[in-house]
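Participant: In terms of the numbering used here, the sequence shown is residues 167 to 271. C-beta: ideal position from N, C-alpha, C; glycine also. First, the structure itself, so that you have it in front of you.
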Amino acid sequence: MHEDVSELDSEAASALASLVGIGCQSGDTVMGLSAVRRARELAFVFADAELAQGTLGELSRLRSSGTRVYRVTPLRLLTAAAGREDVLVVGIKPGSLADGIAKKM
């Protein structure tokens with residue numbers, strides 16, 4: 167595991183799932199690695215523990231621009247409320263949703 171990527175435990179991930187689902191409806195949640203790569207600015211990135219180490223390293227570099235990066239086992243705890251259990255990476259854009267997530271963590 168990359169030392170600069172924090173672990174998000176399953177209890178915390180489950181607590182955030184409804185917010186991630188709301189973010190899908192508002193457009194503040196970005197689903198999938200390609201979408202996260204294309205996003206200009208992200209407050210949070212949540213990555214599945216099964217993600218390749220090289221990709222996790224790539225995501226951890228987002229920390230230099232202020233993005234908080236977390237590894238979640240399993241990520242579907244966060245994405246099931248949004249109806250997506252097939253993604254390995256989720257990003258949250260800055261704003262009120264990100265503020266709400268920060269308060270719940």
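1. Run the CB neighbour count on Asp194, radius 10 Å, all protein chains shown included, and call it buried at 16 or more, exposed below.
2. Look up Val211 in the DSSP assignment and say whether it is helix, strand or coil.
3. When the Cα atoms are used, what is the spatial distance from Gly232 to Lys259?
4. Based on the DSSP output, what are the partners of Ile258 in its beta bridges?
5. Can you have a look at Arg227 and say buried or exposed, based on whether 16 or more other CB atoms are within 10 angstroms of its CB?
6. Span of the alpha helix (DSSP H) holding Arg234?
7. Quick one: Cα of Thr221 to Cα of Leu241, how far?
Facilitator: Quick answer:
1. buried
2. strand
3. 12 Å
4. Thr195, Phe210
5. Note on Arg227: under 16 other CB atoms within 10 angstroms of its CB, so exposed under the neighbour-count rule.
6. Not the alpha helix (DSSP H): Arg234 falls in the beta strand (DSSP E), residues 234-238.
7. 15 Å
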